[in-house]
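So this is what it looks like as structure tokens:
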């Protein structure tokens, strides 16, 4: 097995996965958007907690 066979095999596999995307329609976009929005909400909540803790301890702010 040569490197060319590995690289071309990997390329063929990735190309086959891209053929699935039109069948899924807009679902991947919605899914990624929801994940990013969820992470943003989580981070904003954590940031608020860090700021409250810093204010109570009289540290940064």
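Residue numbers (the working numbering): -9 to 51. Just so you know, even glycine gets a beta-carbon here, dropped at the ideal spot from N, CA and C.
My assumption, with CB atoms under 8 Å, is that residue i sits in contact with residue j. Please give the rounded CB distance.
i	j	result
residue 18	residue 24	Actually they are not in contact, since the Cβ atoms of residue 18 and residue 24 sit about 11 Å apart, beyond 8 Å.
Got a sec, what are the start and stop residues for the alpha helix (DSSP H) residue i sits in?
i	result
residue -4	-7 to 14
residue 23	17 to 47
May I ask you to check if the CB of residue i is nearer than 7 Å to at least one heavy atom of the ligand MN?
i	result
residue 7	Inclusion of the ligand MN in the displayed structure is not the case, the ligand content being empty and no account of it being possible.
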